[in-house]
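Protein chains in written order, with the working numbering: chain A, 26 to 102; chain B, 129 to 704. Where a beta carbon is used, it is the ideal one built from N, C-alpha and C, also for glycine. Model, not experiment: these values are computed from the prediction.
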Amino acid sequence: MPTASQISMVPVVVDDDKCIADKGCRTCIDVCPLDVLWINEETGKAHMKYDECWYCMPCEADCPTDAVTVNIPYLLS
Amino acid sequence: MAIPDDIKVMDVDVLVIGGGTAGPMAAVTAKEKNPDASVMLLEKANVKRSGAISMGMDGLNNAVVPGHSTPEDYVKEITIANDGILLQKGVMAYAQRSYSMIQKLDKWGVYFQKDETGEFDMKKVHHLGTYVLPMPEGHNVKKILYRRLRRHRVKVENRYQAIRLLKDEAGVVSGCIALGTRDAEVIVVRAKAVIMCSGAAGRIGLPASGYLFGTYENPSNCGDGHSMAYHVGAELTGLECYQINPLLKDYNGPACAYVTGPLGGYTANAKGDRFIECDYWSGQMMMEFYNELQGGNGPVFLKLDHLAEETIQEIEHVLHTNERPSRGRFHDGRGTDYRTKMVEMHISEIGFCAGHSASGVWINEKGETSVPGLYGAGDMASIPHSYMLGAFVYGEICGENAVEFARERDVPKLDEDYIIAERDRILAPLKRTDGIPPSQFEYKVRRLVNDYLQPPKVSKKMDIGLARIRAMENDIPYLYARDPHELLRANEAQHIFDCAQMAAVASLYRQESRWGLYHNYVDHPETDNENWFCHVQLFKGENDNMTCRKREVEPYVVELDDEEKNAYQQLRVQAG
Ligand SMILES: Cc1cc2nc3c(=O)[nH]c(=O)nc-3n(C[C@H](O)[C@H](O)[C@H](O)COP(=O)(O)OP(=O)(O)OC[C@H]3O[C@@H](n4cnc5c(N)ncnc54)[C@H](O)[C@@H]3O)c2cc1C
Ligand code: SF4
Ligand code: SF4
């Protein structure tokens, strides 16, 4: 059963310039109830890896550097 | 046979599954009652920000506070709102502890609104009594619970999804098997007593937006607990009494009667007219809501545009900063301002939830399920309309009783064969190299639920829906996960699949209509008290068939007179 990949516009955006994941921060990744934020292997910064968001906002509220912005998912906006 | 090395086994006295609201309270209470007991809290996400109250809460929806109401008043109100089908003793046990729980939380630092004299500032939203206590600064609940967990040295294991409960030869629950959501590690937690606090089943239906995670409930609550309880042999109840809520269209957050109602907001039709007497969520209220939505006066709106600037600012402060803070962004994106526009509302997808409705795993007034050693609290259990405070109270009740149960018990024996078979079943999607992605499987089940199982319920439609959902059993051996995260979703999807069947089987069994929209059965439009004044219990029967039976409603502890019984049947505003 062959599979294909589809792209999807994700609601949560991390500002790479502000994110201090390279200094060991994992706060947003720790708190997300749906476990959809992971480290981007290429940039070393946090990013939304899976488009499965409840737009609940702990990631944004708890980020120490205000790097995270939660938008409303496109299908709802 | 021994347990293979790749399966880590941990031993505790009391295991709590789900660290949202009820779970932390259960774990802390067990430790308070017996500080020598080892207590583990297992959470799929992270207890710091998990569950329905991840960002906080706007208020208590069901506070029984002396001077405003008595436990008897409250039991009556919920009996009526629930069309008489409930374990009154269970609601009474909640009501009697409601006030002491508020005092405890107040002492712990949870902020409740108080009036000038320092008394709790109670508001009337229910049809008959006064039970709402606002928490405009309710953001810190999770922080406070977390501090308590640390203080009592509860062992917290985050990012494990409990998947199956274990039992010993005598049929007593003896722990669970769980999956690491980031590394696909399979673990066994052996426990002398287990308390399930895994929340509602909020991912059975598909939100109208089509976004799988745009549900009313925190989507981490997908019905794992309901499925686990079913497979271990516990009874579930009232599953035909769906949870359906009146929400903001597309955003799927509460609209919200409890916050705006006391400040003068209300539910209106397209003409701006009130059409229901009382915005408290009940099946009867939802029926009127649905009729208005479908009729010529729809859609339905939350009306605030008549309120003073000051009041609107107060509402915005609560609704845009507290329990669902992205709501302000949603309105901004649409250009909706409460001052000038009514806000469009809609009805939610279906789910199982005792917190708002009455559907879940059967428990009694001690929090015991029908399987020894297994307790349940909060949205996944069966005490109706229990909301946040009910989750806390039953968390406390279960914590007390489970730790006593564990005290009397030896370390249970594990069933190695079952554990190995389960490990293989749980990990199977990760071993494949292609197949059906969990998201597609999940979408399909949930779409069938919407097409065939949503009310108005029709026998023929439900038969087709059930047959089509059951046919998806054949797809399970093809589920394919590329990484541990997708494996989590694959296992969730199988629980959603179980819950979807439960919704159909229970709905087809109760051949009458009851609870307004929740069980509006077109083939049997009348309420039939002669044959159906009973609970419907669902369980795994002979040959593993999903089976239902009737269970008598136990004698009431608080009697109702005839006029009271009908109070929730007359919710529509009378013309003239
Ligand atoms: C948007 C919203 C607004 C609400 N507003 C109010 C309000 O204003 N007032 C009020 O009184 N009530 C309100 N409620 C209801 C109230 O929040 C809930 O009734 C209550 O919090 C339920 O507590 P719980 O412990 O049962 O579930 P939750 O707090 O949701 O916790 C369930 C936990 O179980 C975890 N879990 C699930 N499956 C597994 C598994 N397999 N393994 C391990 N862990 C698992 C989840 O991650 C979650 O942390 C609201 C609910 C929602 C969704
Ligand atoms: S919390 Fe903020 S700083 Fe830390 S990893 Fe996430 S985005 Fe980066
Ligand atoms: S908004 Fe919630 S679900 Fe979405 S990424 Fe942030 S914490 Fe996770």
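State the Cα-Cα distance for the pair residue i and residue j, rounded to the nearest angstrom.
| i | j | result |
| --- | --- | --- |
| Ser33 of chain A | Pro89 of chain A | 27 Å |
| Val685 of chain B | Tyr696 of chain B | 20 Å |
| Met413 of chain B | Ile475 of chain B | 12 Å |
| His280 of chain B | Glu160 of chain B | 7 Å |
| Arg310 of chain B | Val317 of chain B | 18 Å |
| Leu688 of chain B | Thr198 of chain B | 15 Å |
| Val681 of chain B | Ile208 of chain B | 14 Å |
| Ile145 of chain B | Val167 of chain B | 11 Å |
| Val322 of chain B | Ala534 of chain B | 9 Å |
| Arg679 of chain B | Ile213 of chain B | 10 Å |
| Thr94 of chain A | Tyr339 of chain B | 19 Å |
| His445 of chain B | Gly389 of chain B | 15 Å |
| Thr68 of chain A | Arg287 of chain B | 24 Å |
| Gly704 of chain B | Lys693 of chain B | Low per-residue confidence applies at Gly704 of chain B: pLDDT is 46, beneath 50, and the placement is therefore not dependable, though the value from the model is reported in the following sentence. Distance between the alpha carbons of Gly704 of chain B and Lys693 of chain B is about 25 Å. |
| Glu205 of chain B | Val260 of chain B | 13 Å |
| Glu524 of chain B | Val219 of chain B | 14 Å |
| Leu517 of chain B | Val61 of chain A | 29 Å |
| Ala221 of chain B | Gln568 of chain B | 43 Å |
Any idea if residue i is buried or exposed, counting beta-carbon neighbours within 10 angstroms, 16 or more meaning buried?
| i | result |
| --- | --- |
| Asp133 of chain B | exposed |
| His513 of chain B | buried |
| His647 of chain B | buried |
| Lys235 of chain B | exposed |
| Arg638 of chain B | buried |
| Asn397 of chain B | buried |
| Gly392 of chain B | exposed |
| Glu363 of chain B | buried |
| Tyr99 of chain A | exposed |
| Tyr202 of chain B | buried |
| Gly246 of chain B | exposed |
| Met26 of chain A | exposed |
| Glu66 of chain A | exposed |
| Asn659 of chain B | exposed |
| Glu691 of chain B | exposed |
| Asp47 of chain A | exposed |
Ends of the alpha helix (DSSP H) at residue i?
| i | result |
| --- | --- |
| Glu578 of chain B | Reading the sequence as shown, one finds Asn at residue 578 of chain B and not Glu. Segment Pro566 to Tyr580, the alpha helix (DSSP H) holding Asn578 of chain B. |
| Lys588 of chain B | Ser587 to Ala599 |
| Met82 of chain A | That residue, Met82 of chain A, is in no alpha helix (DSSP H); it is neither H nor E in DSSP. |
| Pro557 of chain B | Glu544 to Lys559 |
| Ala223 of chain B | Gln216 to Trp236 |
| Cys627 of chain B | Pro612 to Tyr637 |
| Leu517 of chain B | Tyr515 to Arg535 |
| Tyr202 of chain B | Pro199 to Ala209 |
| Lys320 of chain B | That residue, Lys320 of chain B, is in no alpha helix (DSSP H); its beta strand (DSSP E) goes Val314 to Met324. |
| Val686 of chain B | No alpha helix (DSSP H) contains Val686 of chain B, which DSSP labels as neither H nor E. |
| Leu273 of chain B | Val269 to Arg279 |
Could you give the residue range of the beta strand (DSSP E) that holds residue i?
| i | result |
| --- | --- |
| Gln665 of chain B | Cys662 to Lys668 |
| Asp139 of chain B | Lys136 to Ile145 |
| Asn286 of chain B | Lys283 to Asn286 |
| Tyr649 of chain B | No beta strand (DSSP E) contains Tyr649 of chain B, which DSSP labels as neither H nor E. |
| Pro152 of chain B | Counting along the chain, Pro152 of chain B falls outside any beta strand (DSSP E), though it belongs to the alpha helix (DSSP H) covering Ala150 to Lys161. |
| Gly308 of chain B | Val301 to Gly308 |
| Leu391 of chain B | Careful: Leu391 of chain B lies outside any beta strand (DSSP E) and carries neither H nor E. |
| Glu680 of chain B | Met674 to Glu680 |
| Met73 of chain A | Ala71 to Met73 |
| Gly456 of chain B | It is not in any beta strand (DSSP E) - Gly456 of chain B instead sits in the alpha helix (DSSP H) that spans Arg455 to Arg462. |
Report yes or no: is there a C-beta of chain C within less than 9 Å of the C-beta of residue i?
| i | result |
| --- | --- |
| Val95 of chain A | Structure shown: chain C not included; protein chains present are A and B. |
Could you tell me how far apart the beta carbons of residue i and residue j are, in whole angstroms, since I believe they sit closer than 8 Å?
| i | j | result |
| --- | --- | --- |
| Gly184 of chain B | Asn450 of chain B | 5 Å |
| Leu169 of chain B | Ala150 of chain B | In fact, because the Cβ distance is near 11 Å, the residues do not count as touching under 8 Å. |
| Pro565 of chain B | Tyr503 of chain B | No, Pro565 of chain B and Tyr503 of chain B are not in contact; Cβ-Cβ is about 36 Å, not under 8 Å. |
| Tyr370 of chain B | Ala631 of chain B | 7 Å |
| Val142 of chain B | Val531 of chain B | 5 Å |
| Cys53 of chain A | Asp87 of chain A | 7 Å |
### Message
Within 8 Å, do at least three Cβ pairs link the region 177-197 of chain B to the region 222-229 of chain B?
### Response
Yes, the region 222-229 of chain B touches the region 177-197 of chain B.
### Query
How about the region 38-47 of chain A and the region 323-331 of chain B: do they share at least three Cβ pairs that are nearer than 8 Å?
Segments in contact, no.
### Message
Count Cβ pairs between the region 375-387 of chain B and the region 448-463 of chain B that sit closer than 8 Å; are there 3 or more?
### Response
Judged by pairs of C-beta atoms under 8 Å, the region 375-387 of chain B touches the region 448-463 of chain B, as three or more such pairs exist.
### Query
Should the region 410-424 of chain B be called in touch with the region 182-191 of chain B, which here means at least 3 C-beta pairs below 8 Å?
By the Cβ rule, the region 410-424 of chain B does not count as touching the region 182-191 of chain B, because fewer than three pairs are nearer than 8 Å.
### Message
Assess contact between the region 380-392 of chain B and the region 422-438 of chain B, defined as three or more Cβ pairs (one per stretch) separated by less than 8 Å. Is contact present?
### Response
In short, these stretches touch, since the Cβ pair count reaches three.
### Query
Should the region 576-584 of chain B be regarded as contacting the region 606-618 of chain B, the criterion being three or more beta carbon pairs within less than 8 Å?
These segments do not touch.
### Query
Can we say the region 599-607 of chain B touches the region 616-634 of chain B, given the rule of at least three CB pairs closer than 8 Å?
Yes, since at least three Cβ pairs between the region 599-607 of chain B and the region 616-634 of chain B fall closer than 8 Å, the two stretches touch.
#### Entry: Given 8 Å, three or more beta-carbon pairs between the region 355-370 of chain B and the region 484-502 of chain B
The region 355-370 of chain B vs the region 484-502 of chain B: in contact.
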